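Engineer: All residue numbers for the sequence shown refer to full-length UniProt numbering, where the first residue is 1 and numbers rise by one.
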Amino acid sequence: MNVRRVFAVLGKNISYQAFYNQTKSFFLTLFTKIPLFPMFNKNITLEHIQQWDKNTIANHLGIEYLEIGEDYLTARMPVDRRTHQPFGLLHGGASVVLAETLGSLSSFLLLPDITKQQAVGLDINANHIRGVKSGWVYGKSTPIHIGRTTHVWEIKITNEEGKLVCISRLTMAIITL
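1. Using only alpha-carbon positions, find the residue among Val97, Leu73 and Gly69 that is nearest to Arg82.
2. Which residue or residues does DSSP assign as beta-bridge partners of Ser141?
3. Evaluate residue 178 with the Cβ neighbour count: other Cβ atoms within 10 Å of its Cβ, from every protein chain shown; 16 or more gives buried, anything less gives exposed.
4. Between which two residues does the beta strand (DSSP E) holding His128 run?
5. Which of helix, strand or coil does DSSP assign to Leu46?
6. Identify, in the order they occur along the chain, each residue of the same chain with its Cβ nearer than 7 Å to the Cβ of Thr74, setting aside the five sequence neighbours on each side.
7. For Ser168, report the span of its alpha helix (DSSP H) as first-last.
8. Is DSSP giving Glu100 helix, strand or coil here?
9. Secondary structure at Leu61, three-state DSSP: helix, strand or coil?
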């Protein structure tokens with residue numbers, strides 16, 4: 001039985017292409033409104049995160065958390081004397097600190113019970129795309145994989161114009177305490 005015949009049996013007299021387009025549109029509408037993950041712990045706020053970061057490298061570098069989204073976390077970091085390398089550009093290591101901070105916190109926010117599990121960094125890489133001399137850079141962590149024992153995050157760091165400065169991938173191990 002061909003596809004057109006199946007639609008005729010169903011009382012629809014439409015072409016396969018029209019059916020495909022309608023179905024695709026319906027599913028895209030449906031699934032773009034539903035987050036892919038039941039993500040972060042809603043009891044944790046940006047203020048909690050800022051408090052936890054006192055006396056850490058993130059605090060020392062001036063990292064400020066901006067938003068906890070459905071499946072992402074954002075922050076910004078100043079590009080100044082604390083984050084420069086000797087030639088006056090943003091130090092690649094500072095970008096990696098921002099990336100690892102965002103990914104680590106993202107995994108932490110997913111843990112159902114921090115008295116029984118902890119998220120620790122397993123691997124990080126970073127590609128530095130362009131230099132920044134001053135202002136702010138903005139980081140956003142999004143999930144690539146959320147498993148029982150590992151989480152993988154993509155962290156994009158952009159400049160004030162929204163241009164990509166660094167892209168990083170962080171793998172977190174989820175360990176039982």
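Idealized CB from N, CA, C, for every residue including glycine.
If you're wondering where the values come from, they're calculated on a predicted model, not measured in any experiment.
Structural biologist: According to the data block:
1. Val97
2. Leu73 and Ile155
3. Nothing about residue 178 can be reported from this structure: the residues present for the chain run from 1 to 177 only.
4. Gln117 to His128
5. helix
6. Leu66, Glu67, Tyr138, Gly139 and Lys140
7. Where Ser168 is concerned, there is no enclosing alpha helix (DSSP H), although the beta strand (DSSP E) it sits in stretches over Leu164 to Thr176.
8. The three-state secondary structure of Glu100, taken from DSSP, is helix.
9. coil
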